Every structure is written in structure tokens, then in C-alpha cells.
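Some notes on the structure that comes next.
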Amino acid sequence: MLDFDSYLLRAFLAVAEIGTVSGAAAALNRTQAAVSMQLRKLEDLVGVRLFSRSQKGLSLTAQGQIMLPYAREIVRLGDEAGKRLSGKTIRDRIRLGVVEDFAAGHLIRILRNFRDQNPDIEIDIIIEPNRRLAALFEDGVLDLAVCDVTCLPRKPALVWTEYMMWTVRSDFVVDAGEPLPIIMFEEGCPWTIPVTGALSQRGIKWKTACVASTLVAVATAVRVGIGIAPMIANTQPEGCRTLDKSSDLPGPVRIEIGLYGQPDMAEGARYLVDFIARHAAMLPA
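This note's numbering puts the sequence shown at residues 192 to 476.
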């Protein structure tokens, strides 16, 4: 039977989140030597390597990935038990920025459960495009941000892989003799590059039929029948469908969305990050 020391687990979680021993040591207010020793002790305890080491820092091994949710849960339960026994509750206000396409469905259940369990934590939800969220986060306006991973030059706490599907109104007919009418994102959207790249790789002739600045605008343009829009499956509007392979379009376009937290975020924000991580099974893999 393994007896896990929460002190070791906190060192493991900090390194897994930050990616370096020095960064984790600063976050935990410990020395680098102490954090390195704690990682070695934990690896000795479980009998496997939890991190692979390179010049860029440390990354989780396959065994480390298995360990991650257990470590979070053990630490969470210990913290929760301490709060319940002492009668302490977290009172805080979190500024959470989320890209509209992701906020439309995936986070609702998790945030609802979080609020049910933590009624004294207030959450301000800011919906903006990817690059605007990144700018607000870098300026310190947001405690947490959920946006495309290409927009922020730092390691996210969590990453979700999404696929944009080629979406049309149910009765839309593709004219093989004409360039495909694509409903495109506004200028500067990071998803423009993978979408146009996928079309170019297939040598497909296309034109910008409409520029849409929000998810509502994209959905409206699709439902009006203006053209074809790359949309996350969860956001496809009623009365629409995904074009099948017979349309000669590329396959679904892969994007990655990350959850970012400020290094000095308050207790409530850190608890929300942990809560989302523990309930990640409710989100796409």
C-alpha cells in the first residue's frame, strides 16, 4: 500500500503545471534542491519515472499522466477535509475569460457544479475572441483564460483537442463547378490559418462568402445559407449538418484550446483550475 505525502504531491503538481523545477520552487516558496528531492522521493515511492527531462524542462511520462489526476484528487480531498473541519469556506471573485465557441457548451456543466459546491465564489465570465482574451490575460485583467494555445507563449494548465467540422444548412447543395463559399473568421483569428491551410492542401478552389466576427454571426450565416463554415461540433446550430466526405472537403480541422492561470492567482481561481482538471472527463478529450 502506498502512503502518499501531500508535500511530495504538491511538488509533483507544481512541476507538472509549470514545466520546470525552478518555476515550481518559486511557486511553492521552496528551494530548487528541495523540489528536486521531493520528485525523486515520489518516483522512488511509486517505482516509475514520472517526468522526462530535456533542455526545455520537464514533461510528464505516460506514468506521470496516469499519476496526475490521482495527485490532484488526493491533494483536493486533504484541502477540503481541512476546510470542512475548520469551518473555513473560500470567498473569492474570479475573472474567467473564455472563447465563445468553447463557452457555448463544454464549460457550462462544470461551472454549474462548481458554483453549486462553492456558492461563496463569484465568477465573472468574459467572452471575447482568442487574441483579445490573450491580451487581457497578459495585461492581468483575467485570472483565468480559455483560448487557443497559439495565442499565449506559456504552458497551459490543461489542453483540449477540438475539431472544426464543415457545417452547412441541412438543404445546402454544393455546386461542384463554383468555388466553395466559405464563411470565414474575422481577421486575426488563429483558426484562419489551419482552415485555409487545409483547403489549400487539397487544392480546393474557395472564396470568402462572409466574414463573421462571433459564433452567433457564424451560426446565422450558416442558417441563412450563405455558405460553409468550420464549426466545433458542439456549436453547430439546429437545422444544419456536417458535409460528408463526398464533398471533397478536407477532414475536420484540428485545433487546441488551453486553460491558463496567472502565476499569482488567488485561492479561488486555483481551486477552480483544480476543479476543472478533476472534471475534465466531462469535456472533450
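Where a beta carbon is used, it is the ideal one built from N, C-alpha and C, also for glycine. As the structure is a prediction and not an experimental result, all values here were calculated from the model.
For residue i, which beta-bridge partners are listed by DSSP?
i	result
G449	C338 and V350
P320	The partner list for P320 (beta bridge, DSSP) is empty, contrary to what the question assumes.
R360	C431
S243	S250
L371	W397
T355	Note on identity: in this sequence residue 355 is Met, with Thr being the wrong assignment. Answer is I423 and V444, bridged to M355.
Could you pull out every residue in the same chain whose Cβ sits closer than 8 Å to the Cβ of residue i, ignoring the five residues on either side in sequence?
i	result
W397	P370, L371, P372, I373 and L390
W382	N321, D339, M355, F376, P421, V444 and I446
T211	G248 and L249
R284	I312, E313, I314, D315 and G459
R324	One point to set straight first is that residue 324 is Leu, not Arg, in the sequence displayed. Closer than 8 Å at Cβ, skipping near neighbours: G288, V289, V290, I317, L333, A336, V337, C338 and C342.
R306	I312 and I314
E329	L343
Could you work out which residue in the options is closest to residue i when comparing CA atoms only?
i	options	result
A410	R393, G394, G430 and I395	G430
D366	A272, V239 and I417	I417
Y462	V332, E319, G331 and E271	E271
V236	A207, D196 and S213	According to the sequence displayed, residue 236 carries Leu and not Val. The shortest Cα separation from L236 among A207, D196 and S213 belongs to D196.
R432	A457, V364, Q308 and R267	V364
Ignore the nearest five residues each way along the sequence and tell me which others in residue i's own chain have a CB closer than 7 Å to its CB.
i	result
M473	Note that M473 has pLDDT 48, beneath the 50 cutoff, so the model's placement of it is unreliable and the number below is only indicative. These residues qualify, in order along the chain: R300 and I301.
R402	Looking at the sequence itself, residue 402 is Val, so the reference to Arg does not match. Within the same chain, V402 has close Cβ partners M375 and E377.
T252	R240, L241, F242 and S243
How is the alpha helix (DSSP H) around residue i delimited, first residue to last?
i	result
S213	V212 to L219
F203	S197 to I209
R461	E458 to R469
M228	Q223 to V237
G388	T383 to Q392
V332	Here V332 belongs to no alpha helix (DSSP H), and DSSP marks it neither H nor E.
L440	No alpha helix (DSSP H) holds L440; DSSP gives it neither H nor E.
Over what stretch of residues does the beta strand (DSSP E) that includes residue i continue unbroken?
i	result
T399	W397 to A403
P164	As shown, the chain starts at 192 and ends at 476. That puts residue 164 outside it, with no answer to give.
R284	D283 to V289
Excluding the five sequence neighbours on either side, which residues of its own chain have a C-beta within less than 6 Å of the C-beta of residue i, listed in chain order?
i	result
A476	Its pLDDT being 46, under 50, A476 is placed unreliably in this model, and the value from its coordinates should be taken loosely. The answer is none, since no qualifying residue turns up.
F203	L233 and A262
H470	I301
V386	P421 and V444
Point to revise | Whole runs of the beta strand (DSSP E) within the stretch 291-318, excluding any shorter than 3 residues | key: List check, beta strand (DSSP E) in window: 312-318.
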